[in-house]
Amino acid sequence: MLNAIIYLAALGAFYALVYYINHRTPRPEGCEEIDATCGTCSLGHCGNHPSQQFTEVKLTLKEKNNA
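If you count by our numbering, then the sequence shown holds residues 248 to 314, one letter each, in order.
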């Protein structure tokens with residue numbers, strides 16, 4: 248049981264260390280934010296694809312519920 252706790256603690260510490268080091272890594276030059284209105288690919292499940300933008304639908308639903 249103690250071995251499992253030590254193993255999980257070491258695994259968590261390793262994850263935290265890698266996350267911290269990755270967070271400190273500067274963004275490469277020329278790496279800009281992707282515009283949410285991009286239409287350069289046909290991946291419909293991409294978070295930047297216009298079909299995944301639900302803000303207008305949420306606002307419309309909120310307005311209908313308040314009326």
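We put the beta carbon where it would ideally sit given N, CA and C, even for glycine.
Quick check on residue i: does DSSP put it in helix, strand or coil?
i	result
residue 271	helix
residue 276	coil
Counting only the same chain and skipping the five closest in sequence on each side, list residues whose C-beta sits under 8 Å from that of residue i.
i	result
residue 264	none
residue 248	none
Can you list, in chain order, the residues of its chain with a C-beta nearer than 7 Å to that of residue i? Leave out the 5 residues immediately preceding and following it.
i	result
residue 253	none
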